[in-house]
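Per full-length UniProt numbering: the sequence shown = residues 1 to 98. Yeah, the Cβ is synthetic: ideal placement off N, Cα and C, and Gly gets one too. Fair warning: this is a prediction, and the values are worked out from it, not measured in the lab. Working notes, beginning with the structure itself.
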Amino acid sequence: MLTKKFFKTKDEAEVTFEFTRSDVSSVALFADFNDWQAIEMKFNKKSKSFKTKVRLPKDGTFHFKYLLNNTEWENDYKADQYQPNAFGTENSVVTTVN
């Protein structure tokens, strides 16, 4: 789930991506802002969730998905919106509009 957006500068936002599910042992973030390359998310023992922070340009709209256990695609239930993709499913969308 998107936990927070912090506007670092007039041109940049820091977005925290977080995913929690008890049966998951690994989570990777895939997104259009890095050409759909995997960003391995780290397990946070305190929150019992996988997290990563990414700096993104302000006033942007970005598609993303999570890959769970290297086998299952999942959307973010707290995404700003969802949009159809070329595979007949939907992508999660995060916007960085202040």
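Proximity below 8 Å, CB of residue i to CB of residue j
i, j, result
"K48", "T20", "yes"
"E14", "P57", "no"
"F64", "A31", "yes"
Identity of the residues DSSP links to residue i by a beta bridge
i, result
"K53", "T16"
"V27", "L68"
Contacting residues, own chain, Cβ-Cβ under 6 Å from residue i (five flanking each side not counted)
i, result
"D80", "V93, V94, T95"
Contacts around residue i, its chain only, beta-carbon distance under 8 Å, and the 5 residues preceding and following it disregarded
i, result
"L68", "F19, R21, V24, S26, V27, E74"
"I39", "A28, L29, F30, A31, T52, V54"
### Message
Count Cβ pairs between the region 89-96 and the region 69-76 that sit closer than 8 Å; are there 3 or more?
### Response
The answer is yes - the region 69-76 touches the region 89-96, with three or more Cβ pairs under 8 Å.
### Task
Starting from the N-terminal side, write out each stretch of the beta strand (DSSP E) that is 3 residues or longer and does not extend beyond the region 42-96.
As summarised for the region 42-96, the continuous beta strand (DSSP E) elements at least 3 residues long and confined to that stretch are 42-44, 49-57, 61-68, 72-74, 81-84, 90-95, given in chain order.
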